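Okay, structure first, notes after.
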Ligand code: ADP
Ligand code: MG
């Protein structure tokens with residue numbers, strides 16, 4: 002038997018989570034709406050007021066709002082059972098006022114009519130509902146049930162009221178009083194009845210009767226009603242107490258709850274309503290559970306076996322019901338978790354919090370200070386950047402104008418060189434050599450303007466003195482450096498792209514090699530024009546590396562007795578006829594990058 006119970010329970014659990022649930026819910030909703038329309042149709046048929054205020058197919062809300070003042074219900078009830086409600090409050094109440102919650106007048110009328118109606122229906126032992134069922138969030142289904150029940154009763158009565166009338170198989174109009182179940186007292190507390198106990202309406206307890214009746218009818222098994230009733234009463238007491246506590250807690254926990262009749266009424270109504278909902282769902286599940294057991298036993302079940310099954314089921318469901326109960330409480334038990342935060346803190350706690358608060362303040366002020374500093378720095382940087390940008394722009398302008406000036410300078414410079422003449426002839430007088438010391442010089446006079454007067458003692462008078470004109474004449478004491486000063490500007494023209502040629506002319510021993518190369522390559526002071534020119538060339542090209550890259554190469558040739566010799570290659574003699582233009586194209590061109598390279602080449606050249 003226990004195994005079978007377990008199997009039955011499993012079956013129950015599985016079926017409750019099956020996919021058919023959604024379809025079932027939809028079908029139920031449609032059914033509910035149809036029943037509501039049916040009830041409305043009857044109300045409209047019975048009462049002219051209903052025709053005006055109730056649409057044929059109202060929504061749940063429209064339905065509740067229209068019935069809330071109890072006017073229609075009272076009028077209809079008076080038609081079904083004349084004199085049921087002696088005084089119906091007839092003041093017309095607009096829906097707008099009804100919607101406005103807390104409108105005192107409508108509330109009073111609402112209670113008057115509704116209370117009278119419910120009382121009368123109860124007295125007739127018809128299916129009833131709670132006053133809160135017409136409020137927001139209430140169950141209008143119960144209202145519909147009540148109306149349809151009233152309709153059934155009315156029709157039964159019209160037909161003559163013969164025999165026993167049942168409504169929907171779950172409610173009997175003809176009295177069926179389970180022993181000791183009516184009227185029942187439900188006490189607040191451990192199940193005992195006290196002076197302050199609240200007597201439940203017959204309507205609320207009838208929900209409980211329904212469950213018993215349901216068990217009775219659906220299984221056609223005679224239960225020991227008293228025992229079941231007692232356990233049910235215990236369950237109710239147990240849950241009702243908890244529910245009540247939950248509701249009281251939920252009403253913001255204030256201790257000074259105004260405990261007037263209305264509050265107690267409302268509270269108990271809600272408790273009973275929720276409990277009834279639990280009971281109904283439990284009843285349905287228990288019913289299907291029992292049916293399953295019956296099927297397993299081929300409908301053959303002993304009374305004790307049945308009782309045992311119910312007992313086990315109740316035991317098992319107790320936990321689940323407790324959980325389900327918590328869902329009915331709006332706070333969902335959360336209140337218990339929120340509460341601790343309102344508890345008083347220990348002094349240690351408070352101290353720690355105080356310290357933390359101070360630290361927090363400090364950190365905050367630091368943060369504010371730092372932020373202002375950062376903002377200040379940021380603005381300073383911005384100013385600085387602005388200054389730099391301005392500066393860079395100025396430099397850009399300056400640099401572009403500098404380049405312009407430079408170009409202009411270059412043009413002017415080369416113009417000056419041009420004006421000085423593209424061909425310049427200089428004269429250098431060589432001093433006497435050691436062995437010529439006693440000889441007399443023929444140079445009579447050297448002028449600043451480039452004139453030189455030569456005396457020829459072998460010629461007579463006029464012919465004896467001759468004047469020669471040069472660009473410049475250098476005397477015998479002029480140093481190598483002074484010679485080069487006039488050559489230097491020409492080297493700059495080379496780097497500006499001009500072709501330049503410097504050569505020495507004169508008979509053997511007149512000092513060409515001395516002037517061009519110098520007597521000693523090792524001492525820089527005696528360097529001739531060639532080396533000095535190359536040195537300047539390298540210096541200038543190095544200074545301009547970031548603007549122009551120069552490639553400098555060296556050729557070294559000798560013209561001797563009408564023959565051209567490439568001095569950088571041994572044994573290479575060229576004919577004069579091979580010379581073409583300014584340079585000697587086929588002569589070895591050796592790239593150089595500094596004066597040292599050139600000196601090395603010169604040595605090779607001189608050897609050759
Ligand atoms: P060239 O190359 O024209 O044949 P050199 O340059 O060899 O003549 O000069 C001949 C000699 O005269 C060399 O001994 C040289 O040192 C000397 N000499 C030439 N010019 C000068 C000078 N300005 N001062 C001193 N000695 C000189
Ligand atoms: Mg020479």
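In our numbering, the protein residues as written are 2 to 609.
Ideal Cβ positions, reconstructed from N, Cα and C, are used throughout, including at glycine.
Since the structure is predicted, the reported quantities are computational estimates derived from the model, not experimental observations.
- Distance from the C-beta of residue 473 to the nearest heavy atom of the ligand MG is not below 7 Å.
- At a cut-off of 7 Å, the beta-carbon of residue 514 counts as near the ligand MG: some heavy atom of the ligand is closer than that.
- Of the heavy atoms belonging to the ligand ADP, at least one sits nearer than 7 Å to the Cβ of residue 509.
- Here residue 532 is buried, its C-beta having at least 16 other C-beta atoms within 10 Å.
- In its chain, beyond the 5 residues on either side, 272 have a beta carbon closer than 6 Å to the beta carbon of residue 245.
- If the five residues before and after residue 147 are omitted, its C-beta is found closer than 6 Å to the C-beta atoms of 128, 129, 130, all from its own chain and listed in chain order.
- Linking residue 379 to residue 363 through their CA atoms gives a straight-line distance of about 24 Å.
- Residue 23 is classed as exposed because its beta carbon has fewer than 16 other beta carbons within 10 Å across all chains shown.
- Looking from the CA of residue 434, the closest CA among 592, 512, 234 belongs to 512.
- Straight across, the Cα-Cα distance linking residue 263 with residue 52 is about 32 Å.
- Using a 10 angstroms sphere on the CB of residue 75, the tally of other CB atoms reaches 16 or more, which defines it as buried.
- At a Cβ-Cβ threshold of 8 Å, residue 501 and residue 553 do not count as neighbours.
- In this model, residue 468 and residue 430 are separated by some 15 Å (Cα to Cα).
- Shown here, residue 58 sits in coil according to DSSP, grouped into three states, outside any helix or strand.
- Excluding its 5 nearest sequence neighbours in each direction, residue 63 has C-beta neighbours in its own chain below 7 Å: 56, listed in chain order.
- Membership of residue 530 in the alpha helix (DSSP H) is indicated by the continuous run 530-544.
- A check of alpha carbon separations from residue 545 across 496, 29, 436, 461 identifies 496 as the nearest.
- Beta-carbon to beta-carbon, residue 453 and residue 447 are separated by about 5 Å, close enough to satisfy the 8 Å threshold.
- Only exposed fits residue 382, as fewer than 16 other CB atoms lie within 10 angstroms of its CB.
- For residue 126, the closest alpha carbon among the candidates 598, 590, 118 is that of 118.
- Contact annotation: the stretch 524-540 touches the stretch 595-609, with at least three C-beta pairs closer than 8 Å.
- For residue 592, the enclosing beta strand (DSSP E) has its first and last residue at 591-593.
- With contacts defined as CB atoms closer than 8 Å, residue 600 and residue 556 fail to qualify as a contacting pair.
- Partner residues in the beta bridge of residue 446, as assigned by DSSP, are 454.
- Secondary structure of residue 551 (DSSP, three-state): coil.
- Annotation: the continuous alpha helix (DSSP H) that includes residue 75 extends over 72-81.
- Residue 265 and residue 133 have their C-alpha atoms some 13 Å from each other.
- The residue among 459, 520, 437, 491 with its C-alpha nearest the C-alpha of residue 415 is 491.
- By the 16-neighbour rule on beta-carbons within 10 angstroms, residue 141 is buried.
- For residue 424 and residue 484, the gap between their C-alpha atoms comes out near 17 Å.
- Residue 370 and residue 357 have their C-alpha atoms spaced approximately 20 Å apart.
- With a cutoff of 8 Å on beta-carbon distance, residue 487 and residue 427 are scored as near each other.
- Counting along the chain, no alpha helix (DSSP H) covers residue 559; the unbroken beta strand (DSSP E) around it starts and ends at 558-561.
- Taking the C-beta atoms as reference points, residue 36 is found nearer than 8 Å to residue 149.
- Setting aside the 5 residues that flank it on each side, residue 71 is surrounded in the same chain by 114, 115, 118, each with a C-beta closer than 6 Å to its C-beta; the list follows chain order.
- In this structure, residue 432 places its C-beta atom within 8 Å of the C-beta atom of residue 477.
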